[in-house]
Amino acid sequence: MSYSDIFKDHLANPRNAGELPDANVFAEETNPVCGDRLRLSLRVRDGRIEAARFLAYGCPPTLVCGSALAEMVEGKLVDDAKHLTRHDILNAIAGLPSRKQHAAALAIEALRTALKSFRV
Amino acid sequence: MSYSDIFKDHLANPRNAGELPDANVFAEETNPVCGDRLRLSLRVRDGRIEAARFLAYGCPPTLVCGSALAEMVEGKLVDDAKHLTRHDILNAIAGLPSRKQHAAALAIEALRTALKSFRV
Amino acid sequence: MRRVYLDHSATTPIDARVVQAMLPYLTETFGNASSIHQFGQEARAAVDKARRQVASLINARANEIVFTSGGTEANNLAIRGVCEARQTSGRHIITSAIEHPSVRGMVEYLEQNGWTITRLPVYDNGLVRVDDVRAAIRADTVLISVMMANNEIGTIQPVKEIGALVRGRRESGQKHLSFHTDAVQAAGRAAIDVELIGCDLLSFSAHKMYAPKGVGALFIRRGTRLFPQQIGGHQERERRAGTEPVPNIVAFGAAAELARQEMVQRNEHTARLRDRFEREVEARIETIVFNGDRRQRLSHVSNISFRFIEGEGLLIHLDMQGVAVSTGSACSSGTLEPSPVIKALGRDEELARGAIRFSFGKDNTDEDVEVAVEAITRAVESLRAISPLVRESIAT
Amino acid sequence: MRRVYLDHSATTPIDARVVQAMLPYLTETFGNASSIHQFGQEARAAVDKARRQVASLINARANEIVFTSGGTEANNLAIRGVCEARQTSGRHIITSAIEHPSVRGMVEYLEQNGWTITRLPVYDNGLVRVDDVRAAIRADTVLISVMMANNEIGTIQPVKEIGALVRGRRESGQKHLSFHTDAVQAAGRAAIDVELIGCDLLSFSAHKMYAPKGVGALFIRRGTRLFPQQIGGHQERERRAGTEPVPNIVAFGAAAELARQEMVQRNEHTARLRDRFEREVEARIETIVFNGDRRQRLSHVSNISFRFIEGEGLLIHLDMQGVAVSTGSACSSGTLEPSPVIKALGRDEELARGAIRFSFGKDNTDEDVEVAVEAITRAVESLRAISPLVRESIAT
Ligand SMILES: Cc1ncc(COP(=O)(O)O)c(C=O)c1O
Ligand SMILES: Cc1ncc(COP(=O)(O)O)c(C=O)c1O
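Protein chains in written order, with this note's numbering: chain D, 0 to 119; chain A, 0 to 119; chain B, 888 to 1283; chain U, 888 to 1283.
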């Protein structure tokens, strides 16, 4: 039940929160079990994610994974971002109890959905 | 479970303990349920209990009632002693928990048995 | 950082006077109350005194009090104990939709073992209706278990009316019907008189009234039949075996006496803080919903749903600011499901997930309220800033 | 008057270091271990630490420890919990003739509910024979419950051999067979290693090891199926609901650690005092009988029958002289029946009624022994002086 310091920092100071006014890629995923939601907006130019913003509703891990994801992908090549996994997110926030790891999965799903129109 | 001071005093310093060498009246009663035993020896002369001794085996109330009884009857007229009841013994030792009152009954029984050869 | 504890429904700090009262029993006076010798008799005397103090709090007789390890055991013992003793008369139980897990869980256990359960609704105000109770009673009903005050929203149920109903039924022949009420949240906070309520069994717990965790009590009205659940010793007049936790029992007694003496002041104090808190939260934060009837409730609790956000995030946000609160029952934390109590009020999923319980205590101050209101305002703002639901609600 | 406490099998004084360890949890650190906030997490961390300490004492894993309200609850939970979980595999239990009432009573309860019980004899030395256990096992046996050490005479049962037997049976296909041992008297006094013993469940209790009354533990080996008995909360990994008594648990942990560290010295100390005590009593008082095997027993207990007199009178006599002892189990005091344990040794009624348990502790001194021997000599003399049985024995 006790979360890491980096986890708490994401919660207290979310990175890249909000919605990009000039985004050209959107994705929203909902966890069908608990109703948690994650919305991602990206501005992608020349194969690079220039800017990334997230909005999230749900349990703290969902919020924190959204924040960690948005921070992580900003500036990344789309091709690199496509290879991110659940574990990269978990590493970034110093882990989650196993019952809560679905939050990282939701974040990766949102990213995949957003990037699926870009060929590898 | 807590006994009175007079009760404890009887236990620590039994009155009239032992057996009279020159007794002319004996009685012994056993509680059939718990096996407690009370033996009474009396020297009766001219309708008066000149001396009384008791021996007892069993739970503390049995010992104490024996002691209280022997002390109480010594010097009494047989006719008066015959009228003693359970309650007189209970009074003498400042009462007993209800589960333990059978000890006073045993003492009175022993007295009755001892005195039954004397007509009222 | 200043820490502000607003979770007195989960547990209370121990009153320093209560610690003082129990300390001798953690040191010199350590006897086992079942021992015949002096060490034992000293312990026995202390337990007897505490039993009278605890009985006094609810206007019961000392021999109607059975000490348990807490409210959970008291509830379990009441329900399983009565049902096992009464099962030849019937196998129907009436309860409410918002009972504590220790009642709900035991009732579910019995349901799995062939009992029939009627769970009464509590409508949008969190209150059971006496007419519903009346309508639910069947010839084979052996137990009605309706809590005195709810642990999440604090609503106070019409237990006196239910008690009168049960007495009436019993007088007209339904001898096997018993009435149990879980007063774990109410005891020490609301006046309780078992004669007035007319209940046959009433559970309460020390750690909700400034005494340690690990001791509670079940009031069992003289003549009420009940099967013991903890077996193997003559303690508690054969109704609950096990060496009595003397220090805890002494503490419970002392706390019960203090609660009785100080109840009016404590309630005035917590009601004043709670009401001020609610006014300020309402003034500063939009789109909130108060849960549960606001008049018919304990004086120390406030339960609020904050739209667009989820409770646990808010809780952790507040915790980082030193303010301790709870999402629903502390006992059901660790699970993901939104509170069944808030859902029973007919609230939607979002409101159920956004519910927070603030529960005040006798040692909270006005400054605590100010710190808490500030912290909540900040936390709600921050969470709403990242919530996709906010935009949707503006869009619609 | 100097008071001499020789009733450490009934309960022990709390070690001052243990009180120190628990005090913070009676004051500042008062949170509910189920709460998510800091107050809760501090309590949770303390409970986790104590769980490791308690597990260490018996070489178990922390997650194999379930905290209970005491030894009685642990025994009840083990037996009822396993039997409810296993009843489709069989309804036969093997136990001994000298179990504590909390085992005996629960087994009797199951017997009344259709279970078959084999109660193993303990012969004149108070020891179960492994061959008897082997012979008693049937295809439908689901539980063997044999205590590790007896509470009245201290005899240590061959639990390791029983454990090996059970393991063998399980390996040859009798998967549903479990072995429970009540180690309430043994824990903290004898080295316990659940791997070596091979038991599946083991009960123990804090107040027998210089910690407060009101907390105990059940070791449940990983993989052992058991139905919870206290229901309605997620505590103790769903195996025992109810708010954890944090201060008591912390105290239990501290006491377990001290017991582990100091066990050898404590045992040397109590064995020396106990042996000196027995020598002197034997030298000064005639016609006494030692009860139970004198080698295969806990180092702190001595159980002696004094012919011609009855135990309770002796107990009260000693109490008036400041010496606290016990007649049989503290739990069965309050009844008139002579100890079933002493009777199980084949002793006659008189010896069963004349049995007294002297149980030493780490803080007893040589002077305590001297005072006690004097007091006993006086008391036995005084009681024999009024006993009609003495004369009879001389006469015959
Ligand atoms: C209404 C109610 N009933 C029962 C309980 C359980 O009491 P305890 O924590 O003493 O086991 C609680 C405590 O959370 C409660 O609030
Ligand atoms: C062997 C044995 N088992 C169980 C118990 C019961 O433990 P508790 O007193 O913690 O309920 C005792 C204590 O008297 C005991 O000696």
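Ideal Cβ placement from N, Cα and C applies to all residues, glycine included. Please read these numbers as outputs of a predicted model, since none were measured by experiment.
Under 7 Å from any heavy atom of ligand 2, does the C-beta of residue i make it?
i                         : result
asparagine 962 (chain U)  : yes
glutamine 1072 (chain U)  : yes
serine 922 (chain B)      : no
asparagine 1038 (chain U) : yes
aspartate 1069 (chain U)  : yes
threonine 1130 (chain B)  : yes
glycine 992 (chain U)     : no
threonine 959 (chain U)   : yes
Should residue i be flagged as near chain A, meaning a C-beta pair shorter than 8 Å?
i                         : result
glycine 1200 (chain U)    : yes
glutamate 1197 (chain U)  : yes
methionine 1207 (chain U) : yes
When you compare the CB of residue i with every CB in chain U, is at least one pair closer than 8 Å?
i                        : result
alanine 102 (chain A)    : no
threonine 1222 (chain B) : Reliability of the predicted coordinates at threonine 1222 (chain B) is poor, the pLDDT of 49 falling under 50, and the value obtained from them is presented with this limitation in mind. Yes - at least one Cβ of chain U is within 8 Å of the one on threonine 1222 (chain B).
proline 31 (chain A)     : no
alanine 1217 (chain B)   : Because alanine 1217 (chain B) sits at a pLDDT of 39, beneath the cut-off of 50, its placement in the model cannot be relied upon, and the following sentence gives the value as read from the coordinates. Yes, because at least one Cβ of chain U sits closer than 8 Å to the Cβ of alanine 1217 (chain B).
arginine 14 (chain A)    : no
Kindly list, in the order they appear in chain D, the residues whose Cβ is closer than 7 Å to that of residue i.
i                     : result
serine 1274 (chain B) : Leu54, Tyr56
Would you say residue i faces chain B, with C-beta separation under 8 Å as the test?
i                         : result
leucine 62 (chain D)      : yes
glutamate 1131 (chain U)  : yes
isoleucine 1263 (chain U) : no
glutamine 907 (chain U)   : no
alanine 1141 (chain U)    : no
proline 1227 (chain U)    : no
alanine 93 (chain D)      : no
alanine 965 (chain U)     : no
Grouping DSSP H, G and I as helix and E and B as strand, with all else coil, what is residue i?
i                           : result
asparagine 90 (chain D)     : helix
valine 1212 (chain B)       : coil
threonine 1174 (chain B)    : coil
phenylalanine 926 (chain B) : helix
alanine 1078 (chain B)      : coil
alanine 1217 (chain B)      : The predicted model places alanine 1217 (chain B) with a pLDDT of 39, which falls under 50 and marks its position as unreliable, so this point remains unresolved.
threonine 959 (chain U)     : helix
valine 24 (chain D)         : strand
histidine 1094 (chain U)    : helix
serine 989 (chain B)        : helix
glycine 1103 (chain U)      : strand
serine 1274 (chain U)       : coil
valine 893 (chain B)        : It is leucine, not valine, that sits at residue 893 (chain B) in the sequence shown. It is coil, neither helix nor strand.
aspartate 1235 (chain B)    : coil
aspartate 1162 (chain B)    : helix
threonine 1222 (chain B)    : Low per-residue confidence applies at threonine 1222 (chain B): pLDDT is 49, beneath 50, and the placement is therefore not dependable, though the value from the model is reported in the following sentence. Looking at threonine 1222 (chain B) - three-state DSSP - the assignment turns out to be coil, as it is neither helix nor strand.
threonine 1111 (chain U)    : coil
Residues of chain D with a CB under 8 Å from the CB of residue i: which are they?
i                        : result
histidine 1204 (chain B) : Leu10, Ala11
Does ligand 1 have a heavy atom nearer than 7 Å to the CB of residue i?
i                         : result
methionine 1034 (chain B) : yes
serine 1092 (chain B)     : yes
histidine 987 (chain B)   : yes
threonine 1214 (chain B)  : no
So is residue i in contact with chain D if we call contact Cβ pairs under 8 Å?
i                        : result
glutamate 1236 (chain B) : yes
List the residues of chain B whose Cβ lies closer than 7 Å to the Cβ of residue i, in chain order.
i                        : result
glycine 34 (chain D)     : Glu1236
proline 59 (chain D)     : Glu1199, Gly1200, Ile1203
methionine 993 (chain U) : Ile1118, Gly1119
Applying a beta-carbon distance threshold of less than 9 Å, which residues of chain B neighbour residue i?
i                       : result
alanine 106 (chain D)   : Near alanine 106 (chain D) there are no residues of chain B at all, since even the closest Cβ is about 13 Å away, more than 9 Å.
threonine 914 (chain U) : Pro900, Ile901, Ala903, Val906
Would you mind telling me which residues of chain U sit closer than 8 Å to residue i, beta carbon to beta carbon, in chain order?
i                      : result
aspartate 38 (chain A) : Checking the sequence shown, residue 38 (chain A) turns out to be arginine, not aspartate. Here the neighbours are Pro1275.
lysine 7 (chain A)     : Ile1203, Met1207
Could you tell me which chain B residues have their CB closer than 8 Å to the CB of residue i, listed as they occur along the chain?
i                       : result
threonine 982 (chain U) : Near threonine 982 (chain U) there are no residues of chain B at all, since even the closest Cβ is about 13 Å away, more than 8 Å.
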